[in-house]
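As structure tokens, the structure follows; a few thoughts come after it.
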Amino acid sequence: MDIRTTGGPPTAAEIAAVDRVLGPPESLWEGGTRTPADDHFARGGHTTRSKRDLLLPVLHSLQDEVGWIGRGGLDYACRRLNVPPAEAYGVASFYDRFALAEQPALTVTVCDDIACKCAGADDLCRELETNFGPAESAKGGALWRRSPCIGLCDRAPAIGIERCGAEHLEGRVAPAWAGGVIDVLAGGRWPVNEGSLLPPQSPVRLLRRIGVIDPASIDAYLAAGGFNALRRALEMGSESVIHEVTEARLLGRGGAAFPTGRKWDAVAHAPARPHHLVCNADESEPGTFKDRVLMEGDPFAIVEAMTIAGIATGCEHGYLYIRTEYPEARARIQNAIDRAREHGYLGDDVAGSGLRFDIEVRRGAGAYICGEETALFNSIEGKRGEPRNKPPFPAQAGLFGKPTLVNNVETLVNVLDIVSGGAAAFAATGTPDSTGTRLFCLSGHVRRPGVYEVPMGTTLRALIDLAGGVGDGRRLQAVLLGGAAGSFVTEKQLDVPLTFEGTRAIGATLGSGAVMVLDDTADLEAVLLRIARFFRHESCGQCVPCRVGTKRQEEILHRLLVDRQTSGRDADVALLADVAQAMRDASICGLGQTAASAIQSAVIQLKVLDG
Amino acid sequence: MFGAGGGTSSYREAEETELVLLWGSNARETHPIFFHHLLRGVRNGGRIVAVDPRRTSSAEWADLWLGIDVGSDIALANAIAREIIHSDLAHKEFIRRATTGFDAYAKCVEAYTLDRAVTETGVPASAIKEVAQAYGRADRAMICWTLGITEHHNAVDNVLALINLALLTGKVGRYGCGLNPLRGQNNVQGGGDMGAIPNRLPGFQDLEDPAIRAPFEEAWDTALPPKRGYHLTQMFESMEHGEMRALYIVGENPARSEADQTRTVRLLSGLEHLVVQDLFLTQTAELAHVVLPAAAGWAESEGTVTSSERRVQRVRRALEPPAGARDDIDIICEIARRLGCDWGEPTAEQVWDECRSLSPMHAGMAYSRLDELGGIQWPCPDETHPGTQFLHARLWKDPVEGPRAPFSVVEHDPPVDSLTEEFPIRLTTGRRLDSFNTGVQTDAYTSPLRRPEALLLSPADGARLGIVDGERVLASSRRGAVEMPVRFDATLRPGLAFLTLHFPDQVATNILTIDATDPKSGTAEFKASAIRVDKLVVK
């Protein structure tokens, strides 16, 4: 397929890394060495191109084992997958995780996002600069760099550690301290994480098994009533399951709050085949870590819920797309899938029903945009994670162009109780328009950060109180509700009921459930600059309003907040609002549409630019 | 096919068929327009089987590549037919109603067992079976070919072997099925349709049929020769005998494009009078007594061209020709005038309207309709007819309209230039995306893809001969020897070499090729020469 490779021969390590994913080449034409069988025959075409979706797994394998994506390795991957090298390079360069120049095998990423900033990440970075060296520069076989949120906000400040090579190791440490990080960079021991997944609370539903049963053991899950919901769903049949989910009025927990039952119904009745299920576990919204806690603490529940969703909507194959920053959750989920398959809950005969369903874990590669569902599809397909125009909607043409059900982790886990207890019992909790409970991720300046489960309709004030409120002698300055794509809420608005309709009434959003509390010591301007940097960095660059708008937004904020320019200040404030309007109205996807939301709410609600 | 001189299908059908057998065609490079339609088909789930000695860039797109030995196409086709018959995949109803000669054909292909086919073609038996099953079972499938089928000493038999497969499975005369020679130039089809071949009058009509000749004789007020003329190969034979002494060449460069170049140049040089009408002073024009500078057909003159899907399209003048260059119609009319016949100064449309009055298949194609419909596919018998998307639907009428389609008994006949210890390497020739034939029209342009001409050779052969990549060698055939550089190509199997004919001044490929010619089509066996490669002797 018009493939011209110019990178020279791959190294043995590169070949091994690629073959680890694809198996050894079967012929010269797949990248092997010539045998007489290659003289007169080759198989290719659709068979080879159908493996295109393995491009990201192959790139991950190269990154894991070789430590970077060199031209020899990329060329070999391209020959194996029949992808032009220029296109594969475009994919590799899209994702932050892939290094396209040689770098040290040992890297440490230091989160300097909002929650970690509140916990002293900037001081940590300064100490690293002083006592080790500047970010992004190699020293003694190691390197450190700053990173956006890695989802350990409850134990901030957080770092990720990775050592590439034949034996690839990944780990995270939170809370991290400068001395510990410098030890790691110098080749010393990695600190061990301690502490529980959840702060103390009386969970209502979704969290009830977390910290209670062994998340690695299917026996423990079964003993706790696991897979009863699946059996019940198989008895009920697809139409009844979808009916219950619809009647429960479950709304999506990923941020868009779309009625889950309507999605399921649309996919189940889509005529094109096959249908695909995607569980969106690319939890990348800064300040959000509830899905991580679910995956680490109750992975079998996700497997069970995906199986119910898949069978109800006529899917035989499900993908769980998880951000690469969650290695522990990935391992837990993979273990749960493997155990479930061993026990007949996945595979060709799910729980003796004669129905087929299985799950494959796909790993993100450090791109916030891949949480957007159509960008996520492109990423699974082995492409740049650029969102698609809608329509067509995923239920019509999603993954691989086929009808696709895509649900967030938390949304799916809710289904277990709906199936087991019925729609009415589920909807008895919460409010008429926002049923059930909701997981909130409390971080920043609260005494007991962590994931809290509360009935929909609980006030923001009560939620913050549950987490112990702000520290002694501190005053609450603002709450960033819904993450970087959310908006700021003031002290006066704390009695807002946490429902979709309640937050909408004050111009805010529940979003992903991130609740970042800032007390009077927080540097609000620094937070805004961090948000602006985040969106500029994470914009995929596909559409102009977002590509240019996120950049302009950051520049204007710099002029106003860093350079403290006085001339043209009013014009800049107006320009900032104009850019916000253009991004909101004209961007292809939610990233651009919400990239100005938090900053504009700070301008309007918190009056940061006044005076 | 079956009396019509063109491909049966439309490009659109290639987008909606299940399977395309791309046989002896590197359409990716030599017919990019068609291939673009084929790729749409691939995106719709269509599959490609490529039959080609080389794993070409087209074959890289294929689901299966059958790397046959050069010149073994009939053995492969007959073995596929035998598999289809033995698997009960023959379309018995179609064969009974719409064809003749099946029994003799079945008897012939029965001798082409898988074992024999493996021996003759080199292709593994499992692959032959797989293709037979795929073609036999597909509801829609088409066969497309190019010069890999026709540049052989048994070109017509090769084509008939492919036609047999379509008849056997009822894959002609229906949407998405068919038999298509892909024309590598925008108007090869039109040239034949207009009678630029020895035995045809405009409209691909039989010159030797008096009833066909009569309206032409009446319209032109002259008697036409009742017998066909010479085809190109016969012309050169005639020159050899001293019989043909004058030649008028329009837009051809035989001094570089013909096989056995040494002989061709000798014969052209020996003519008493040679006239060449061309855009450029080609190597052939340099041999001419008179050169007539012509306007470019695709930019400097008006007219029509006909694509491989039989679609007649208008060509419009975009530029004035450079001073001295004249439109082909002007030149021909001026010659006629000087020979004493005043044909006036007709416009291209007037010439076309005369053609329409004599060619039933073009009758409905007024310029206004060609404009309106974006071209029309022949046959188009009257001005209410929309044109014909695919040919031979008549074969599916009950009863069949017109004559039935005949099976042909064709036997494997290996290339004339046999491989021996002295000449052990099979040289095949072809073309590339960025160049056109002998380069007359493309040499003036640069291309990022173009590389200096070199003998492409398997690295294993290179190692055996003790030569390194890029080394200059002496390549020789039974006809001549040429020095040229070698470039290793790992996609070539040992014993197979490749050259293009794009750069005759760098590498005179046609000094090596053989002029063994198919008596029915007049085409030389450019695809199969036997050569040897020797290290240059250091002086």
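Chains as they are written, first to last, in our numbering: chain L, 1 to 611; chain S, 1001 to 1539. Glycine is no exception: its CB is placed at the ideal position from the N, C-alpha and C atoms. Because the structure is a prediction, the values reported are computed rather than measured.
message: Here's a check: name, in chain order, each residue in its chain whose Cβ is nearer than 8 Å to the Cβ of V454 of chain L, leaving out the five neighbours to either side.
response: Walking along the first sequence from the start, residue 454 of chain L turns up at place 454. So the list reads V204, T437, R438, F440, A462, L463, L466 and L498, once near-sequence residues are dropped.
message: Measuring alpha carbon to alpha carbon, tell me which residue in S:L1147, S:E1093 and S:P1452 is nearest V1400 of chain S.
response: Taking the first residue of the second sequence as position 1, residue 1400 of chain S is located at position 400. Measuring from the Cα of V1400 of chain S, the nearest candidate turns out to be S:E1093.
- request: Could you tell me whether the Cβ atoms of L529 of chain L and I556 of chain L are closer together than 9 Å?
  value: What you label residue 529 of chain L is simply residue 529 of the first sequence in a count that begins at 1. What you label residue 556 of chain L is simply residue 556 of the first sequence in a count that begins at 1. Not closer than 9 Å, so no.
Any chain S beta carbon closer than 9 Å to W144 of chain L: Walking along the first sequence from the start, residue 144 of chain L turns up at place 144. No, no contact with chain S.
- prompt: Just the Cα atoms here: how many angstroms apart are L1179 of chain S and R1012 of chain S?
  reply: Counting from one through the second sequence, the residue named residue 1179 of chain S turns up at place 179. Counting from one through the second sequence, the residue named residue 1012 of chain S turns up at place 12. Each residue's alpha carbon lies about 14 Å from the other.
- request: Measure from the C-beta of R34 of chain L to each C-beta in chain S and report whether the shortest distance is under 9 Å.
  value: Translated into the one-based positions of the first sequence, residue 34 of chain L becomes position 34. Chain S contact via Cβ: present.
task: Give the range of the alpha helix (DSSP H) segment to which H558 of chain L is assigned.
output: Along the first sequence, one-based indexing puts residue 558 of chain L at 558. Where H558 of chain L is concerned, there is no enclosing alpha helix (DSSP H), given that its DSSP letter is neither H nor E.
field: Continuous alpha helix (DSSP H) stretch holding R362 of chain L: start and end
entry: Taking the first residue of the first sequence as 1, we reach residue 362 of chain L at position 362. R362 of chain L -> not in any alpha helix (DSSP H); beta strand (DSSP E) instead, spanning D358 to R363.
- request: Give the residues of chain S in contact with R52 of chain L, contact being defined as C-beta atoms less than 7 Å apart.
  value: Walking along the first sequence from the start, residue 52 of chain L turns up at place 52. Residues of chain S passing the Cβ test: none, with the nearest at roughly 13 Å.
message: Just to make sure I have the definition right: I need the residues of chain L whose C-beta is within less than 9 Å of the C-beta of G1470 of chain S. Which are they?
response: Numbered from 1 along the second sequence, position 470 holds the residue referred to as residue 1470 of chain S. Correct list: empty, because the minimum Cβ distance to chain L is about 17 Å.
- request: Determine the DSSP secondary structure at E1471 of chain S, reduced to helix, strand or coil.
  value: For the purposes of this step, residue 1471 of chain S is taken as the residue at position 471 of the second sequence. In this structure, E1471 of chain S counts as coil in the three-state DSSP scheme.
Alpha helix (DSSP H) runs contained entirely in the segment 543 to 598 of chain L, provided each spans 4 or more residues: 544 to 557, 569 to 586 and 590 to 594
query: For I213 of chain L, does the three-state DSSP call read helix, strand or coil?
result: As a position in the first sequence, residue 213 of chain L is number 213, starting the count at 1. Coil.
query: H40 of chain L CB to nearest chain S CB: under 9 Å?
result: One-based indexing of the first sequence puts residue 40 of chain L at position 40. H40 of chain L counts as touching chain S.
query: Once you ignore the five residues that flank F1236 of chain S on each side, which residues in its own chain have a CB closer than 6 Å to its CB?
result: Position 236 of the second sequence, counted from the start, is the residue given in the question as residue 1236 of chain S. Hits under 6 Å: L1267.
task: Anything in the segment 1182 to 1202 of chain S with a Cβ closer than 7 Å to a Cβ of chain L? List those residues in chain order, please.
output: none
- request: Taking only beta-carbon positions, decide if L28 of chain L is within less than 9 Å of chain S.
  value: Taking the first residue of the first sequence as position 1, residue 28 of chain L is located at position 28. True, the Cβ-Cβ gap to chain S drops below 9 Å.
message: With distance defined between alpha-carbon atoms, name the residue in S:A1528, S:V1109 and S:L1160 nearest to A1497 of chain S.
response: Translated into the one-based positions of the second sequence, residue 1497 of chain S becomes position 497. Residue S:A1528 is the option with its Cα nearest to A1497 of chain S.
V1051 of chain S versus L1038 of chain S: straight-line alpha-carbon distance, rounded: Taking the first residue of the second sequence as 1, we reach residue 1051 of chain S at position 51. Taking the first residue of the second sequence as 1, we reach residue 1038 of chain S at position 38. If I take the Cα positions, the gap works out to 16 Å.
message: For a cutoff of 9 Å on Cβ pairs, would you count I1033 of chain S as touching chain L?
response: By 1-based counting over the second sequence, the position of residue 1033 of chain S is 33. Not an interface residue.
- prompt: Excluding the five sequence neighbours on either side, which residues of its own chain have a C-beta within less than 6 Å of the C-beta of T1388 of chain S, listed in chain order?
  reply: Position 388 of the second sequence, counting from 1, holds the residue named residue 1388 of chain S. So the list reads Q1377 and P1379, once near-sequence residues are dropped.
- prompt: Does any residue of chain S bring its CB to less than 9 Å from the CB of A82 of chain L?
  reply: Within the first sequence, the letter at position 82 stands for residue 82 of chain L. Inspection of the sequence shows that residue 82 of chain L is occupied by Asn rather than by Ala. Yes, N82 of chain L lies at the interface with chain S (some Cβ there is under 9 Å from its Cβ).
message: I need the DSSP call for A42 of chain L, collapsed to helix, strand or coil.
response: As a first step, residue 42 of chain L must be located in the first sequence, where it is residue number 42. Strand, per DSSP.
task: Taking all protein chains shown into account, decide if Y1445 of chain S is buried (16 or more other Cβ within 10 angstroms of its Cβ) or exposed.
output: On the second sequence, residue 1445 of chain S is found 445 positions in, with the first residue counted as 1. So Y1445 of chain S counts as exposed.
message: If we define contact as Cβ-Cβ less than 9 Å, is P1415 of chain S a contact residue for chain L?
response: Residue 1415 of chain S sits at position 415 when you count from the first residue of the second sequence. Taking Cβ atoms only, chain L never reaches closer than 9 Å to P1415 of chain S, which makes this a no.
field: Contact set for A577 of chain L: own chain, Cβ-Cβ below 8 Å, skip 5 residues either direction
entry: The sequence position of residue 577 of chain L within the first sequence is 577, counting from 1. If we look at A577 of chain L and ignore the five residues flanking it on each side, its Cβ neighbours are Q600 and V603.
task: Could you check which residue in L:A595, L:E491 and L:P85 has the C-alpha nearest to that of R475 of chain L?
output: To locate residue 475 of chain L, count along the first sequence from 1; it is residue 475. Selected option, being the one with the closest Cα: L:E491.
- request: List the endpoints of the continuous alpha helix (DSSP H) containing T1030 of chain S.
  value: Walking along the second sequence from the start, residue 1030 of chain S turns up at place 30. Note, T1030 of chain S: alpha helix (DSSP H), A1027 to T1030.
query: Nearest chain S C-beta to I43 of chain L closer than 9 Å, yes or no?
result: The residue given as residue 43 of chain L occupies position 43 in the first sequence. According to the sequence as given, residue 43 of chain L is Arg; it is not Ile. Cβ-Cβ to chain S under 9 Å: yes for R43 of chain L.
task: Note down, one range per segment and in chain order, each alpha helix (DSSP H) of at least 4 residues found wholly within the segment 1129 to 1191 of chain S.
output: 1147 to 1150 and 1155 to 1169
message: So, under 8 Å CB-CB, Y1367 of chain S and E1383 of chain S are touching, yes? Tell me the CB distance rounded to an integer number of Å.
response: Residue numbering aside, residue 1367 of chain S sits at position 367 when the second sequence is read from its first letter. Residue numbering aside, residue 1383 of chain S sits at position 383 when the second sequence is read from its first letter. Not quite, the Cβ-Cβ distance comes to about 11 Å (not below 8 Å), so this is no contact.
- request: List the residues of chain S that T47 of chain L touches, going by C-beta distances under 9 Å, in chain order.
  value: By one-based count along the first sequence, residue 47 of chain L stands at place 47. The contacting residues are D1063.
message: Can you check whether the C-beta of A397 of chain L is within less than 9 Å of a C-beta belonging to chain S?
response: Here residue 397 of chain L corresponds to residue number 397 of the first sequence, with the count starting at 1. It does not; no Cβ of chain S falls within 9 Å.
Other residues of its chain near R1314 of chain S: CB distance less than 7 Å, five sequence neighbours each side excluded: Here residue 1314 of chain S refers to the residue found at position 314 when the second sequence is read from its first residue. Counting only Cβ-Cβ distances below 7 Å, and skipping sequence neighbours, we find T1304, Y1367, L1370 and D1371.
Contacts of A1127 of chain S in chain L (Cβ-Cβ under 7 Å): The count along the second sequence starts at 1 and reaches residue 1127 of chain S at position 127. Result: F41.
- request: Quick one: which unbroken beta strand (DSSP E) runs of 3-plus residues sit fully inside the segment 260 to 299 of chain L? Chain order, please.
  value: 275 to 281
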